[in-house]
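Asks: I'd like to ask some things about the structure below.
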Ligand code: ADP
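Residue numbers (the numbering used here): 12 to 589.
What follows is the structure in C-alpha cells.
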C-alpha cells in the first residue's frame with residue numbers, strides 16, 4: 012500500500028499542480044476579459060456619445076437649411092420685379108433637398124390680384140417646373156384657408172419691424188409650423204412687398220420624416236468605422252416616446268443627445284424674429300447594433316473557449332506524459348529482468364564449464380569414461396550457450412529497423428513440412444508427436460522463407476516447452492477467405508486470456524513459464540514482428556480440451572504470375588516502445 016502511495020504521489024502532485032495552473036489560467040483569462048470588456052464598454056460609450064452629438068448636429072443642420080439656402084437665395088430685386096418663376100425655381104430645388112418642408116408659399120402684390128388675401132403654394136404636387144417665365148402665378152396652387160392664415164399672420168408682424176416669424180397653425184385637425192420671411196416696400200417697414208416661407212406638417216414629422224433624414228444624412232455616420240461596430244439610431248419626442256428606430260430594446264450601452272425640433276436656425280436669426288414657436292426638445296439615442304458582434308465577449312462560449320481548450324490540451328498532455336512514463340518504467344523493469352535472466356542463464360553453463368575444464372586441467376580425471384563424461388558436459392553447455400547467444404542475436408536482427416525481407420512466392424504446406432522435419436531433427440523432441448495436417452489445398456503467400464521458418468520454429472519451440480504432460484503437437488495448414496493459415500496446436504498449460512496481449516511484448520514471460528527456465532520472452536515477439544512485416548498477424552486461442560493454439564495469418568498471393576516475381580520491402584519495427 013505504501014509502495015502504491017509512493018508511486019502515486021508524484022502523479023497526484025502533477026495533477027494538483029496542473030489543476031492549480033488551469034485555475035490560474037482561467038482566473039487571469041477572466042481578469043483580462045473583464046478588463047477588456049470594461050475598456051471596450053468605455054470606448055463604445057464614448058463613440059456612441061460622439062455619434063449622438065454628431066447626429067443631433069446633422070439633424071439641426073438639415074432642419075435649418077431651407078431658411079438660408081432656399082428663402083435667402085430669392086433676391087429682393089426679383090421680388091420687386093415680380094419674377095415668380097425664379098421663386099418657383101428656388102422652391103423646386105428646396106423641396107428636393109429638404110424632406111421636412113411640405114410646401115413653400117409666396118404672397119406678392121401680383122398673387123394678391125388673383126388670390127386676394129391668400130398666400131399660394133408650391134408643394135410636392137406641383138407640376139414639374141420647366142422654368143417657363145410666362146407661367147407666373149400659374150405655377151402655384153391655392154389653399155384658401157391656410158393661405159389666408161399665412162397672410163393674416165404676416166400682417167400681424169408688420170408693426171414689429173422684424174423680417175422673420177414662426178407661427179403655429181391648426182387646420183382640419185392637422186398641426187403646422189409656418190415659417191415666414193417678410194419683405195417690406197420701404198425702410199419704414201409698414202407695407203409688405205412680399206411674403207415667402209414654408210409649411211411643416213407635424214404629423215408627417217412624427218410618422219415619415221426621420222426615415223428620410225436617416226437615409227440622407229445619418230446612415231453613413233452609423234456605419235462601422237475604425238474597428239467600432241455599427242450603431243443604430245432612435246428618435247424620441249418631448250414625452251420620451253420613440254418616433255423612429257428599431258422596435259427592440261436598445262443595447263445597454265447607449266448615448267442620448269437632445270436637439271431642438273425647430274425648423275429654423277433660432278440662434279442665428281433670433282434677434283430678427285418677431286414671433287417664435289415654443290422650443291420642442293427631442294432626443295436622439297445612439298447604441299451599438301445588437302445583431303452585430305460588438306467585440307464584447309459576454310458569454311462563456313465566446314470568451315472562455317480558448318482557456319478551456321488550453322486546459323484540455325494540458326490535461327491531454329498530462330495523461331500522455333503519465334502513460335509514457337509508466338511505459339518507460341515498465342520497459343526499464345522488463346529490461347533489467349531480462350539482464351538478470353540472461354545473466355542467470357549464462358551463469359549455470361559458464362560455471363559448469365569452468366568446473367569441468369578445471370577438473371580436466373588439473374588431471375583429476377582418471378578414467379577414459381570420466382573424460383568422455385566431461386567432454387559431454389562441455390559439448391552440452393557450449394551448445395546451450397550458443398543457443399542463448401543465437402536467441403539474443405535473432406532478436407536484435409528482427410528489431411533492426413533497416414532489416415529487409417526478401418519476399419518470394421512460398422507454397423506453405425511444403426515450407427511447413429520442411430520446417431517441422433528440420434525442427435524434429437535439430438531439437439530434442441523425444442516422446443513428442445508432431446503432426447502436420449493440411450486440407451489438400453496449396454496456399455501460396457509472398458514471404459521471406461527463412462523468416463517464416465523462424466517464426467514457425469519459435470511457435471513449435473513454445474508448444475513443446477509449454478506442453479506439460481501432453482505429448483502431441485499438431486501443425487495445420489489451411490485457407491480462410493483471402494488468408495493462409497498455419498496453426499500450431501498444443502494441449503499444454505495454455506495461455507491465460509489476460510496475458511494474451513502481454514506475451515507479445517519483448518521480455519515478457521507468462522506466469523506459467525516460471526517452471527521453464529529456458530527462454531527470454533523473445534520468441535513470440537520475434538514471430539509477431541516477422542508476421543507483421545508480412546502484413547499478417549498471430550492469433551492466440553485456447554485449444555478445445557486444454558492447451559493453446561497459435562494461428563499465423565498471411566495474405567494469400569492471388570496472382571499466379573506474381574509467383575515468379577521477387578520483391579523486397581523494408582520491414583518496420585513500428586515503435587520502440589511497443
Ligand atoms: P519464452 O522464451 O518465455 O518462451 P516467448 O516470447 O516465446 O518467450 O513466449 C512468451 C510467453 O508466452 C512465455 O513465457 C509463455 O508464458 C507464453 N507462451 C508462449 N507459447 C506458449 C504456449 N504454447 N503455451 C503456453 N504459454 C505459452
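Backbone N, C-alpha and C fix where the C-beta goes; we use that ideal spot for every residue, glycine too.
What does the Cβ neighbour count give for residue 290, buried or exposed, with the cut at 16 atoms within 10 Å?
Replies: The residue is exposed, with fewer than 16 neighbouring Cβ atoms inside 10 Å.
Asks: By DSSP, does residue 449 sit in helix, in strand, or in coil?
Replies: It is a strand residue.
Asks: Between residue 136 and residue 169, how many whole angstroms is the CB-CB distance? I'm expecting something under 8 Å.
Replies: The pair is not a contact, with the Cβ atoms about 31 Å apart (cut-off 8 Å).
Asks: Is residue 78 helix, strand or coil by DSSP?
Replies: Note: residue 78 maps to helix in three-state DSSP.
Asks: Just the C-alpha distance for residue 318 and residue 47, rounded to the nearest angstrom, thanks.
Replies: In a straight line, the C-alpha of residue 318 is about 16 Å away from that of residue 47.
Asks: Can you tell me the Cα-Cα spacing of residue 39 and residue 323, whole angstroms?
Replies: So the alpha carbons of these two residues sit roughly 17 Å apart.
Asks: Closest to residue 459 by C-alpha separation, out of 375, 134, 544, would be which residue?
Replies: The shortest Cα separation from residue 459 among 375, 134, 544 belongs to 544.
Asks: Rounded to a whole number of angstroms, what is the C-alpha to C-alpha distance between residue 495 and residue 488?
Replies: Near 8 Å, if we compare the C-alpha coordinates of residue 488 and residue 495.
Asks: Would you decide whether residue 69 is buried or exposed? Buried here means 16 or more other CB atoms lie within 10 Å of its CB.
Replies: So residue 69 counts as buried.
Asks: Measure how close the beta-carbons of residue 503 and residue 558 come, nearest whole angstrom, since I'm counting them as under 8 Å.
Replies: Right, the Cβ-Cβ distance comes to about 5 Å (below 8 Å), so this counts as a contact.
Asks: Quick one: using the 10 Å Cβ neighbour count with 16 as the cut-off for buried, is residue 346 buried or exposed?
Replies: Its Cβ having fewer than 16 others within 10 Å, residue 346 is exposed.
Asks: Please list the terminal residues of the continuous alpha helix (DSSP H) segment that includes residue 345.
Replies: First-last of the alpha helix (DSSP H) with residue 345: 316 to 372.
Asks: Under a Cβ-count criterion, where at least 16 other Cβ atoms within 10 Å of its own Cβ denotes burial, should residue 23 be classed as buried or exposed?
Replies: Per the 10 Å Cβ criterion, exposed.
Asks: Pairs of beta-carbons, one from the region 119 to 133 and one from the region 72 to 86, closer than 8 Å: are there three or more?
Replies: No contact exists between the region 119 to 133 and the region 72 to 86.
Asks: Can you name the start and end residues of the alpha helix (DSSP H) that residue 568 belongs to?
Replies: That residue, residue 568, is in no alpha helix (DSSP H); it is neither H nor E in DSSP.
Asks: Quick check: the Cα distance between residue 298 and residue 108, rounded to an integer number of angstroms?
Replies: Approximately 28 Å, taken between the alpha carbons.
Asks: Since residue 114 contacts residue 133 with CB under 8 Å, what's their CB separation in whole angstroms?
Replies: About 6 Å; that satisfies the 8 Å criterion.
Asks: Compute the distance between the beta-carbons of residue 216 and residue 187, then report whether it is under 7 Å.
Replies: No, these two residues do not count as a Cβ contact at 7 Å.
Asks: Taking only runs of the beta strand (DSSP E) that begin and end inside the region 382 to 436, which ones reach a length of at least 3 residues, in chain order?
Replies: Complete beta strand (DSSP E) runs here, min 3: 415 to 422.
Asks: According to DSSP, is residue 134 helix, strand or coil?
Replies: In the structure shown, residue 134 sits in a strand (DSSP, three-state: E or B).
Asks: Within this structure, are the beta carbons of residue 54 and residue 116 separated by less than 7 Å?
Replies: It is not a contact, given that the beta carbons lie outside the stated cut-off.
Asks: Using a Cβ-Cβ cut-off of 6 Å (strictly less than) and excluding sequence neighbours within five positions of residue 304, which residues of its own chain qualify?
Replies: Since pLDDT at residue 304 reaches only 48, below the 50 mark, its modelled position is unreliable, and the value read off the structure follows with that caveat. So the list is empty, once near-sequence residues are dropped.
Asks: Can you have a look at residue 556 and say buried or exposed, based on whether 16 or more other CB atoms are within 10 angstroms of its CB?
Replies: It counts as exposed.
Asks: Do the region 385 to 393 and the region 506 to 516 make contact, defined as three or more Cβ pairs closer than 8 Å?
Replies: At 8 Å Cβ cutoff, the stretches do not touch.
Asks: Okay, do the region 539 to 553 and the region 448 to 463 touch, 3+ Cβ pairs below 8 Å being the bar?
Replies: With the cut-off at 8 Å, the region 539 to 553 and the region 448 to 463 touch.
Asks: Any heavy atom of the ligand ADP inside 6 Å of the beta-carbon of residue 509?
Replies: Result no, Cβ not under 6 Å from the ligand ADP.
Asks: How far does the beta strand (DSSP E) with residue 193 in it extend, from its first residue to its last?
Replies: First-last of the beta strand (DSSP E) with residue 193: 185 to 195.
Asks: At which residues does the alpha helix (DSSP H) containing residue 163 begin and terminate?
Replies: Its alpha helix (DSSP H) spans residues 155 to 168.
Asks: Can you name, in chain order, every residue of its own chain whose Cβ lies under 6 Å from the Cβ of residue 283, other than the five neighbours on each side?
Replies: If we look at residue 283 and ignore the five residues flanking it on each side, its Cβ neighbours are 173, 174, 175.
Asks: Quick check on residue 563: buried or exposed, where buried means 16 or more other Cβ atoms within 10 Å of its Cβ?
Replies: The residue is buried, with at least 16 neighbouring Cβ atoms inside 10 Å.
Asks: What residue from 521, 536, 491, 443 has the CA that sits closest to residue 501's CA?
Replies: Here the closest residue by C-alpha is 443.
Asks: When the Cα of residue 350 is compared with those of 138, 533, 120, 78, which residue comes out closest?
Replies: Among 138, 533, 120, 78, the Cα nearest to that of residue 350 belongs to 533.
Asks: Shorter than 6 Å, the distance from the beta carbon of residue 531 to the closest heavy atom of the ligand ADP, or not?
Replies: It does: the Cβ of residue 531 is within 6 Å (strictly closer) of some heavy atom of the ligand ADP.
Asks: Cβ of residue 471 versus every heavy atom of the ligand ADP: is any distance shorter than 6 Å?
Replies: Checking every heavy atom of the ligand ADP against the Cβ of residue 471, none is found closer than 6 Å.
Asks: How would you label residue 268, buried or exposed, when you count the other beta carbons within 10 angstroms and need 16 or more for buried?
Replies: Looking at its Cβ environment, which holds 16 or more other Cβ atoms inside 10 Å, residue 268 is buried.
Asks: What does the alpha-carbon distance come out to for the pair residue 253 and residue 49?
Replies: Those two C-alpha atoms are separated by around 29 Å.
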